[in-house]
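FYI, the numbering for the sequence shown is 1 to 783, going by UniProt numbering. Below is one structure, written out as structure tokens; the observations come after it.
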Amino acid sequence: MSNEKDEKENAKVNGDAEKKKADTDEKRSNKSVIYPIEPSALYIDDIKNSKKAYDITIDDPPEKPSDSKPNLGFFEPYKRLYAFADNIDMQLMAMGLFSALLQSALPPFVWLIMGNFVSVSILREEGKMGLKNLSSEYPIDDQFASSATPAFISMLGLSIAMFIAAFCQRIAWEISSIRQVFRIKKAYIRKLLLMDISWLESRQSGHVAAMLQESADSIYNGISDHLPMVVFILSYLLVNIGVCVYIQWDVTLFMCLAIPLLIISRILYSKWFANTMEEETKLQNKITNLVNETFNCITTVISFAAQKQKINKFEKLSAEHSKLTEERLRSSVVFDSLTQILLTELIFTGALCYGIWRVADNSPGRLCALAINMLYMCVTSISIGFHINGATRAKDNAKEICEVLNEQPKIEVELGSIDNNVDYVPVTRCKYRRQSMKFMGKGALHFRDIHFSYPSRKETEVLRGISFKVEAGEKIAIVGSSGSGKSTLTALLLRFYDPTKGAILLDGENIKMMSPDDLRGQCSLVSQEPVLFDGTISDNIRYGRLDATQQEINDAARKVGAWKFINSLPDGMRTRVGERGHQLSGGQKQRVAIARAVIRKPIVLIFDEATSALDNIHEEEVNAAIDLASEGLTTITIAHRLSTIKNSDRIIVLHEGQIVEEGPPDELLADVNGIFYKDPDQQRRAWARSSLGGNKKLGKSYSVNSMEKDKLKLPVMSKKKSERLDYKYSRVHSMDVKQHGESMEDDDLPGKETNFTVLKDLIYSYRKEQSFISLYVSKLLQY
């Protein structure tokens, strides 16, 4: 019985699995669904001989909150910092450490030898003074020479050894720090570029850029200068104290009472100093962000006459920054002065007086050596504070770098290193990795029950149950009011974000199973504001595919209709576009951007408001380029202008994150109760002038330029009549009189209110001015 029961349960499980596999449109349950990997004909390489089968979990694993920071200990940043050191760096640092210890150990012995030499010199002079009446052949000079020569040789040898040790220590730490900081910068940049969009948007660009430069410089100084000097000073103090104890232990003990007080006070001050520097850094980042934002949007600032506002804000932040800096500098001056006066001069003077009383009668040379060693010990103890501050800043910056490097992107990314090695963030859900298999799709898309909320606004659902299919090679348009979720769909398709619920399929494959780089290699995006880089036109087009030849670049320019204007430029393809492409017009920049998208040879083209910022002339040019570029490709066009989507096979209308209408343009335009039909009159007139609306029966149109409008003005009129003219004529001017050729249609166009009522009211208002009416009617008859 138990076996039969088990067989029934297994059969039931297998039946359910087959049902889920067959029904691809079934909504996913709240639990994770495991889909087995099967070989696909869409990939070049065959995996039938794979020795290991993998199961892919579609649902995301539980993720930690993005704002949670790893708990790093005090030494952990240094461990992570030195983790970038290779074997050569470790050898260099070992040599630098040994050289620093050697350099710190030698000076006390130099002063000790010099003290012994001073004692011999004093004895020589005393001997000469006491024996001046004796024979000059007394062997005092011979004794002095026999003592001075070894002392001189020893001091010279130690000085040379100190020089060599200092040179080796400096060069070893410098080379090692340069190599390590280079790797830190490379890792930091790679980490930033591979993080997901939501993480990058939550950071200020000025702070991210400042961390790259300022933190790297601080870490470099910490590795090459501050940390080695801390090791050198501590070692020097230990050796010096030992030599001083050998010379006179009680005087050394009196002097050493000041050293702990000096070091403890410096450490406490360093903590306050680090907190102040952190506040200064935050204010400096705000100032940097303000300056970058102002000059990136300088035309907007000037057009709104907001220079004074920006200046006031800059002055306010600068005043706060200057106040903190002044407080820090004042406290530094006071602290350094007190430590120098109290701990160095007073205590050193007291110790020296005590030493004279204790040592002078026995060995004045040893007293001299003791005094010099104690003096250097005090001065070195003061300088340790500066290097501790530098090491503290380096530690804090290293901690920030570690926090960024420890962040994990929500969307797992495949990494390709600069050294042509392949590193991976665990791509557990990728069916195939880019390096071994390439996706060969046709461009069929399926958005299945898409729900999405932005990470910064999780309580607001931008998309609510979006479902539609796009056939390969089909041209669809997505329209809707601002905030309806049009651009969000493209962001999800390119995996800038992952939907909170639902799935997007490309040729039947869930895009979560694909490497993001592989997915984005199949799609090309042309956004509203084309971003060109400072370089030549050829370089900007090649940016779409770095291995493209010059002939392929030229073909891409011809395909989108950009070849003519490029050849008209003095340098042709070698013309530099300037920063953000400001040397080119809006239409020219957009066509270069389209050529850059086309050269990738994508299977899906996305145009996100590609013509919204252009005038009518440039709009026609870019629309022609879009039509040429999208031939045979799956095309998604997002637009507000109906003239941009006139050639679409299907239109999807979004409203508040949901699809409210969908169908061919003719059907949507014929539905007088639909949302698409109720678009503004100006949009429908533009549609009527387009090729799709050209078969409509249109009335005659007119256009009045500025010179002709001046002829229509009357020299004298009453105040009441003037107000009536302003009201009536403004309606005509705002709706139908345009300098760019917009026309007035009759009521044959569906949904268009007739303008003859306005014309009748205008004629009635000026029934006495026959000349005006005649001129007005004549202009109508001309068209």
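Heads up, the beta-carbon is just placed ideally off N, CA and C, and yes, glycines get one too.
- Residue pairing for residue 658: DSSP places it in a beta bridge opposite 655.
- In the DSSP assignment, residue 374 is bridged to no other residue.
- When secondary structure is reduced to three states using DSSP, residue 542 falls in the helix class.
- Residue 247 places its beta carbon less than 8 Å from that of residue 369.
- Between residue 526 and residue 597, the C-beta spacing is below 8 Å.
- Ranking 316, 352, 337 and 171 by CA distance to the CA of residue 251 puts 352 first.
- Annotation: residue 162 to residue 212 spans about 36 Å, alpha carbon to alpha carbon.
- In this structure, the alpha-carbon of residue 243 lies about 35 Å from that of residue 218.
- Bounds of any beta strand (DSSP E) do not take in residue 585, whose DSSP letter is neither H nor E.
- The Cβ atoms of residue 474 and residue 657 do not sit closer than 8 Å to each other.
- Spanning the alpha carbons of residue 175 and residue 92 requires a straight line of approximately 8 Å.
- In this structure, the beta-carbon distance from residue 645 to residue 637 falls below 8 Å.
- C-alpha of residue 102 to C-alpha of residue 165: approximately 6 Å in a straight line.
- Assigned with DSSP and collapsed to three states, residue 523 falls in strand.
- A distance below 8 Å separates the beta carbons of residue 208 and residue 192.
- Residue 167 is classed as exposed because its beta carbon has fewer than 16 other beta carbons within 10 Å across all chains shown.
- With respect to the 8 Å criterion, residue 365 and residue 118 are classified as neighbours on the basis of their beta carbons.
- For the pair residue 528 and residue 626, the Cα-to-Cα distance works out to about 13 Å.
- For the beta strand (DSSP E) assignment, the segment 233 to 265 encloses no uninterrupted run of at least 3 residues.
- Using a C-beta cut-off of 8 Å, the segment 447 to 459 makes contact with the segment 500 to 507, since at least three inter-stretch Cβ pairs fall below that distance.
- Under the three-state reduction of DSSP output, residue 195 falls in the coil class, being neither helix nor strand.
- The segment 559 to 579 and the segment 510 to 524 do not touch, with fewer than 3 CB-CB distances between them shorter than 8 Å.
- Note that the C-beta distance between residue 574 and residue 538 is below 8 Å.
- In the structure shown, the three-state DSSP call for residue 449 is strand.
- For the segment 93 to 123, there is no continuous beta strand (DSSP E) assignment of 3+ residues that stays within its boundaries.
- Rounded to the nearest angstrom, the Cβ distance from residue 444 to residue 472 is 4 Å, consistent with a contact under 8 Å.
- C-alpha of residue 653 to C-alpha of residue 577: approximately 37 Å in a straight line.
- For residue 469, the uninterrupted beta strand (DSSP E) run begins and ends at 463 to 470, by DSSP.
- The residue from 152, 640 and 664 with its alpha-carbon nearest to that of residue 483 is 640.
- If you ignore the 5 residues before and after residue 649, its C-beta comes within less than 8 Å of the C-beta of 474, 475, 476 and 664, all in its own chain and listed in chain order.
- Around the beta carbon of residue 608, a 10 Å sphere encloses 16 or more other beta carbons of the protein chains shown; the residue is thus reported as buried.
- DSSP, read as helix, strand or coil, puts residue 510 in strand.
- Secondary structure at residue 628: helix, using DSSP grouped into helix, strand and coil.
- Residue 236 is a Cβ neighbour of residue 380, given a cutoff of 8 Å.
- Within the same chain, and ignoring the five residues on either side of residue 215 in sequence, the residues whose Cβ sits closer than 7 Å to its Cβ are 397, 400 and 401.
- Distances from the CA of residue 234 to each of 585, 275, 377 and 282 were compared; the closest alpha carbon is that of 377.
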